[in-house]
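Asks: Handing you a structure now.
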Ligand SMILES: [Zn+2]
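In our numbering, the protein residues as written are 150 to 276.
This is how it looks when you write it as structure tokens:
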């Protein structure tokens with residue numbers, strides 16, 4: 150029935166909706182925290198550690214996405230060395246290494262992971 154609800158929604162629209170809802174949930178989760186990379190209390194975006202563009206499998210992975218300021222996310226292209234340090238502090242090395250493993254898998258499965266069913270699941274989870 151969930152599938153039926155979205156059956157006339159084109160895939161790009163499903164993806165856009167899933168991204169909007171997921172990123173909003175990350176900003177809400179981290180709203181009282183500083184930027185994962187620089188530690189400053191600035192307005193936060195949802196910043197991916199492994200970029201969503203290169204690692205589709207990690208686009209909607211909560212451990213891979215954290216509140217990050219515009220400067221680090223955008224102008225410093227993720228400020229990734231500091232991001233990793235902040236990430237290890239926040240979620241621990243085991244969960245960071247799990248992301249490393251998923252990222253390696255994701256490269257081999259580029260473009261095959263977030264199909265309609267997965268996107269609908271994300272929309273329903275975060276709406
Ligand atoms: Zn920052």
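We put the beta carbon where it would ideally sit given N, CA and C, even for glycine.
Distance, Cα to Cα, residue 252 vs residue 196?
Replies: Rounded to the nearest angstrom, the two C-alpha atoms are 16 Å apart.
Asks: Below 8 Å between beta carbons: does that hold for residue 207 and residue 255?
Replies: Their beta carbons are under 8 Å apart, which means residue 207 touches residue 255 by this criterion.
Asks: From the DSSP output, in three-state form, read off residue 235 for me.
Replies: The answer is helix: DSSP assigns residue 235 an H, G or I state.
Asks: Leaving aside the five residues before and after residue 219 along the sequence, list all residues of the same chain whose C-beta is less than 8 Å from its C-beta, in chain order.
Replies: So the qualifying residues of the chain are 191, 192 and 194.
Asks: Mark residue 167 as exposed unless 16 or more other C-beta atoms lie within 10 angstroms of its C-beta, in which case mark it buried.
Replies: Buried, because 16 or more other Cβ atoms sit within 10 Å of the Cβ of residue 167.
Asks: Return yes when at least one heavy atom of ligand 1 lies under 7 Å from the C-beta of residue 200, else no.
Replies: It does not: the Cβ of residue 200 is nowhere closer than 7 Å to a heavy atom of ligand 1.
Asks: Distance check for residue 268 and residue 201, CA to CA, integer angstroms please.
Replies: Rounded to the nearest angstrom, the two C-alpha atoms are 14 Å apart.
Asks: Where do the N-terminal and C-terminal ends of the beta strand (DSSP E) with residue 262 fall, by residue?
Replies: It is not in any beta strand (DSSP E) - residue 262 carries neither H nor E in the DSSP assignment.
Asks: Please return the same chain residues whose Cβ sits closer than 7 Å to the Cβ of residue 240, not counting the five positions on each side in sequence.
Replies: The residues are 212.
Asks: Please return the same chain residues whose Cβ sits closer than 7 Å to the Cβ of residue 232, not counting the five positions on each side in sequence.
Replies: Hits under 7 Å: 185, 186 and 198.
Asks: What would DSSP say about residue 187, mapped onto helix, strand or coil?
Replies: Looking at residue 187 - three-state DSSP - the assignment turns out to be coil, as it is neither helix nor strand.
Asks: Does ligand 1 have a heavy atom nearer than 7 Å to the CB of residue 194?
Replies: Checking the Cβ of residue 194 against ligand 1 gives no.
Asks: Cβ of residue 151 within 8 Å of Cβ of residue 273?
Replies: Yes; because the gap between Cβ atoms is below 8 Å, this pair is in contact.
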